[in-house]
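Number of protein chains: 2
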Amino acid sequence: MEFSVWAPGTSAVDLLVDGAEPRRLVHQASGYHIASIDPDHGQRYRLRLDGGAPLADPRSRWQPDGTLGPSAFVDPTVWTWTDEDWSGLDSSAPQVLYELHIGTFTAGGTFDTAIVELPRLATLGITAVEIMPVSQFSGGRNWGYDGVFPWSVQNTYGGPDGLARFVDAAHAVGIGVLLDVVYNHLGPEGNVLPDFGTYFTDRYATPWGPALNFDGPGSDDVRRYFIDSAIAFVQDLHIDGFRLDAVHAIVDPSVRPFLAQYTDEVSATARSFGRSVLLIAETAANDERTLRPTSEAGCGFDMQWNDDFHHALRVALTGEQQEYYKDFDGASDLAKTLVDRFVYTGQYSENHQRSHGARVGHHNADRFVVFSTNHDHIGNRAEGDRLDVSVGFAQRKLAAAAVLLSPFTPMLFMGEEYGEIRPFPFFVSHHSVELVDAIRQRRTLEFPDQDWSPVPDPGDPATMASAVLRTTGSSREAALGALYRDLIALRRGQPALTSSAIDEEVRETDGVIEVRKGASTIVFNFTGRTIPAPPGQVVWSTSDVDYGAAGEDEEIVERGLSPWSATILR
Amino acid sequence: MEFSVWAPGTSAVDLLVDGAEPRRLVHQASGYHIASIDPDHGQRYRLRLDGGAPLADPRSRWQPDGTLGPSAFVDPTVWTWTDEDWSGLDSSAPQVLYELHIGTFTAGGTFDTAIVELPRLATLGITAVEIMPVSQFSGGRNWGYDGVFPWSVQNTYGGPDGLARFVDAAHAVGIGVLLDVVYNHLGPEGNVLPDFGTYFTDRYATPWGPALNFDGPGSDDVRRYFIDSAIAFVQDLHIDGFRLDAVHAIVDPSVRPFLAQYTDEVSATARSFGRSVLLIAETAANDERTLRPTSEAGCGFDMQWNDDFHHALRVALTGEQQEYYKDFDGASDLAKTLVDRFVYTGQYSENHQRSHGARVGHHNADRFVVFSTNHDHIGNRAEGDRLDVSVGFAQRKLAAAAVLLSPFTPMLFMGEEYGEIRPFPFFVSHHSVELVDAIRQRRTLEFPDQDWSPVPDPGDPATMASAVLRTTGSSREAALGALYRDLIALRRGQPALTSSAIDEEVRETDGVIEVRKGASTIVFNFTGRTIPAPPGQVVWSTSDVDYGAAGEDEEIVERGLSPWSATILR
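Chains as they are written, first to last, in our numbering: chain A, 1 to 570; chain B, 1001 to 1570.
Take a look at the structure:
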């Protein structure tokens, strides 16, 4: 294999392979130092720049001993694949996404233990899992947004070998695998990139640390670094696409933005070896350009997350008005998203203290990913408590229906499909005690009103342990499980009900949203009142006895639609 | 009139009018403090925020005593207008622009003394003058990019009264007036804006000081401040358009960028009172989006400056390779601009150390403003020396022809039209001695190789005085004067020669550029050799005896095309 290291300001780069003599790489005018090598899979190595201390490789694909240890060579030919028949995700086909965190998805916390759950997700109707970031971070406990080796796969999850097995198993049951990737910053510990090149810039800042250099001197190679990492995941690990974290935090006024180059090149390269990729942006910007084609001054993503939908839904269910929720008024805003995709399409936002968003209605609804919760909207709460503990059972079912009967692309957060009530709090395990102390302190300061109960300590192993999914076998779980299964089956079996290609008529009055779509009417009752049913026969309802949980105060109202319910009439 | 001040963080704003009792403005929830007043034109006033020291008004339209003095009310109804028949500049009509600096354009250095020159420019064929920034700056000597009151007109130039007379006189001879405006920073002395609101941000920086807040909290009103200033210039001072300084230095990742909102609103508002505006961006970004319509994710400018053309032309004439010139190789790059508009359309640039530019060929050539020199490319040289002193007479004429026989919109820099050889060095007159010392020192450090002759002292009044235009009546001036007059007449009389709507065929070989356009061929000989003439009859040439200056080593070559010449054949 050709081994190369971008280190334009370094005269001499030595490759230090365990048990071998140091080898001086050939310094090319391009700033890359190269050698042709033939390493074994898993063989450990480091790099020495101009005689300095040995460092891990920025393009490390495996840090078997963690962020501070050596890198290890990866030979993709050692992996066995059985997914010849897997045709990849089709961005124009309906998708049901499922966000999961490998470390807490199962008690084992690895790719291998996660594999066991895949058939269950396939039965549920999930088309793709979206795995929270797996690039190597410090220790074994992290959401993943503190990764420092974007090419690598977390050792405690099973490393690249584990990911390869997981992807193969997912493809075997018809599930695609999307990776959540972070291109807006690197984690606070173990980041070797600044030693190698102009990866960072002080022209901009992010809330999480120095900004990456996508537009200054040397940025062509910084872009290559990230784009090529994605291509390597597609080519060698059969990854089906990416969810790019917080792209609104990437400041890049370039004529050809990094993100546009990324979507163009990752898509084209995947196509060149017969694969397709689904590219999803997480963005809070409500920016029309995210989905616009790159040939028309856009960034070319297939889909983007739609936080406005979540916020409107949450407020419709709980009436919360803290922080960003103050911008939303509930059901009427939720109805607006069904027409305009976003609530904020250019009007003034109290939260942002400026006009926010743009009109995006010309982009199909299925290009927007919606959810009743996700890792952020749980974990950014002081105790990391799920929606399940904030609202009653009827509301909880209505939330599921609002997402799964929408024309958008739905995404579940792991455990949601059976009403997991365990939290998903923030947790870290950096090696630096000072760093963990600082994070603990910052976390506490973020919630000044949280004086009645302590904020879970992000550095305590028990905090991550509290997030591990654990079914209880309750009737509530069974009822919710049936609801999710039926809703996803409805989506698949009756595409006209949610297809974003079919025009819908949306009306909201006093908390009741009526959506007419073809011959069907869906009524979302976001009130505590029983309301009159519109004309037509009830063909499905969240208040059906099938979804009643024993011990819950739930009833089917004969005349009218139940409080906090979703009903389909025809 | 309704008087208003945006000061959202201030409880009490007092209006202190000379000779009147302080008056407390009404604080509105919007953050504006307002009053209905009926002031006299020129009456001086200040503002007191929460009992602090009196300050000038951010929206001051007149600082009769300079940046540090009080503001003065402006009553536009005192101005007399005779331009009822002026129909405004038509962005689709051919333009010949003329950049001038009021302080050095005439010995008097005012709008009124500049008026005297307008008939001469009209005779020459100039369609619009582009006035270097006139917003109030400290003292009387400045290029204008240190302005601190964007709504105002420099007192030493004659203030708004003088500008009104100048614009009326320009319109009377058929010349439009464009203002160079600076929205990327404010000058280093006399800036009161931070006392009033969140005008600035520390999220970004500019080479010249803190960046303006076009995307953060409060930015709606910061945008209003600049957009409304432009509208006021159009409405009250009959300004025909704007040249926006260095828009590439405005970092604004907004969904709806300030620049897009600006072009939309300034154009629409001008139209609403029956006027049109020409909006030109200065940008080094080679960004396709600058001219793209705002409805298609662009910034919506009518035209943009084309520095690549200048650099390629300069290198073709002088072979210079210092600083940004190292990216250009002369005639072949110049030929590329005739096809692609820019030299850098995405390829790697040594100067930027990254890929640079985008393809813009779908935008008509006349939307790009070209020049053989301008204030920057003169003034950013250590001694501020013009092209005239770097090249011989034949090259000098070739430069004029390259600009004026191009399909682009040509712009002259004041004095160029007769071959002014006096410099245009950098000069300032801030009140702070320390500030002037720092600028002097920085200026010297910018030119480490300039040890054989001192860099002109920017703070010395003689430096500005050296830049004042002064014709000598030489035969060289007469010859160049005839050349410019004839070239502009050719452009106007034979539109097919330069029309950007007509396809052209461009070929470059060993420094000779041949442009075929309809029945005509233009040959630009960027070599010191006499070259064979292509088929056709010579109908015009820079080496014509009409443009020979006595005492110059100039000759008309019978057989072939002269060294450093431009020739039209048919």
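Beta carbons are placed, not taken as given, at the ideal position from N, Cα and C, and that holds for glycine.
ASP1302(B) is outside the set of residues whose beta carbon lies under 8 Å from a beta carbon in chain A. When DSSP assignments are scanned along the stretch 1146–1205 of chain B, the uninterrupted stretches of alpha helix (DSSP H) that are 4 or more residues long and fall wholly within it turn out to be 1159–1172 and 1193–1196. Here the stretch 470–489 of chain A makes contact with the stretch 539–550 of chain A; the two share three or more CB pairs at distances below 8 Å.
Taking a cut-off of 8 Å on C-beta distances, the stretch 1172–1191 of chain B touches the stretch 1204–1215 of chain B, as three or more cross pairs fall below it.
Between PRO1253(B) and chain A, the shortest Cβ-Cβ separation is below 8 Å. Shortest Cα-Cα distance from THR1104(B) to any of PHE1371(B), TYR1324(B), TRP1143(B) and VAL1153(B) involves TRP1143(B). A Cβ-Cβ separation of about 15 Å leaves TRP6(A) out of contact with ARG61(A) under the 8 Å criterion. By the C-beta density criterion, MET1(A) is exposed, having fewer than 16 other C-beta atoms within 10 angstroms.
Rounded to whole angstroms, the separation of the alpha carbons of GLY1159(B) and ARG1044(B) is 14 Å. Within the stretch 1402–1461 of chain B, complete alpha helix (DSSP H) segments of at least 4 residues are found at 1433–1445, given in chain order. Pairing GLN261(A) with ILE1439(B), the inter-Cα distance amounts to about 40 Å. Along the stretch 274–292 of chain A, the positions whose C-beta sits under 8 Å from a C-beta of chain B are ALA285, ASN286, ASP287, GLU288, ARG289 and ARG292, read in chain order. When rounded, the separation of the alpha-carbon atoms in GLY330(A) and ALA399(A) is 12 Å.
Put simply, the stretch 112–120 of chain A touches the stretch 164–175 of chain A. At least three CB pairs are less than 8 Å apart. Residues of the stretch 343–373 of chain A that bring their beta carbon within less than 8 Å of a beta carbon in chain B comprise GLY346, TYR348, HIS352, GLN353, ARG354, SER355, HIS356, GLY357 and ALA358, in sequence order. Taking 8 Å as the cut-off, the Cβ atoms of ARG1354(B) and ASP220(A) count as close. Around SER219(A), the beta-carbon contacts reaching into chain B at under 7 Å are ARG1354.
Nearest Cα to PHE1328(B) within the set VAL1512(B), ALA1312(B) and PHE1342(B): ALA1312(B). Using a CB distance cut-off of 8 Å, ARG1443(B) does not count as an interface residue toward chain A.
The beta-carbon of GLU323(A) is placed no less than 8 Å from the nearest beta-carbon of chain B.
Fully enclosed beta strand (DSSP E) runs of no fewer than 3 residues occupy 1505–1509 of the stretch 1462–1513 of chain B, in order along the chain. Beta bridge pairing from DSSP links GLU2(A) with SER36(A).
Within chain A, the residues ARG203, TYR204 and VAL251 have their CB atoms less than 8 Å from the CB of TYR1204(B), given in chain order. With contact defined as three or more Cβ pairs closer than 8 Å, the stretch 372–386 of chain A and the stretch 500–511 of chain A are not in contact. Taken in chain order, the complete beta strand (DSSP E) segments of 3 or more residues contained in the stretch 1352–1397 of chain B are 1354–1357 and 1368–1370. When the alpha-carbon of THR206(A) is set against those of TRP1208(B), PRO1207(B) and ARG1203(B), the nearest one is in ARG1203(B).
The beta-carbon of GLY1066(B) is placed no less than 8 Å from the nearest beta-carbon of chain A. With a threshold of 8 Å between beta carbons, GLY1009(B) makes no contact with chain A. DSSP places ALA29(A) outside both helix and strand once states are collapsed to three, so it counts as coil.
GLN28(A) is classed as exposed because its beta carbon has fewer than 16 other beta carbons within 10 Å across all chains shown. The C-beta of GLY298(A) comes closer than 8 Å to at least one C-beta of chain B. Interface criterion met: the Cβ of ARG1256(B) is under 8 Å from a Cβ in chain A.
Taking C-beta atoms under 8 Å as the contact rule, VAL1134(B) and ILE1239(B) fail to qualify, at a distance of about 10 Å. Straight-line spacing of the CA atoms in SER87(A) and ARG275(A) works out to 8 Å.
The C-alpha of GLU1350(B) lies about 9 Å from the C-alpha of PRO217(A). Beta-bridge partners of GLN136(A) (DSSP): PHE149(A).
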